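The structure under discussion appears below in the form of structure tokens.
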Amino acid sequence: MDLNKITEQISGAAIEAHRALGPGLRESTYEACPG
2 MDLNKITEQI
12 SGAAIEAHRA
22 LGPGLRESTY
32 EACPG
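Numbers in our numbering are just positions in the sequence shown, counted from 1, shifted up by 1.
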């Protein structure tokens, strides 16, 4: 898997977590979210 694909997957997972949990939470909350 190339670096661009990995970056795309990580960014996508972060956006999904933000949409599901909403803004304003501590970073550790988003980190604990399964992706």
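Backbone N, C-alpha and C fix where the C-beta goes; we use that ideal spot for every residue, glycine too. The model shown is predicted, which means the values in this text are computed figures rather than measured ones.
Query, Result
"Assuming Arg20 is part of the alpha helix (DSSP H), what are its boundary residues?", "4 to 22"
"Rounded to whole angstroms, what is the Cα-Cα separation between Leu4 and Ala21?", "26 Å"
"Rounded to the nearest angstrom, what separates Gln10 and His19 at their Cα positions?", "14 Å"
"Between the alpha carbons of Glu32 and Ala15, how many angstroms are there, rounded?", "9 Å"
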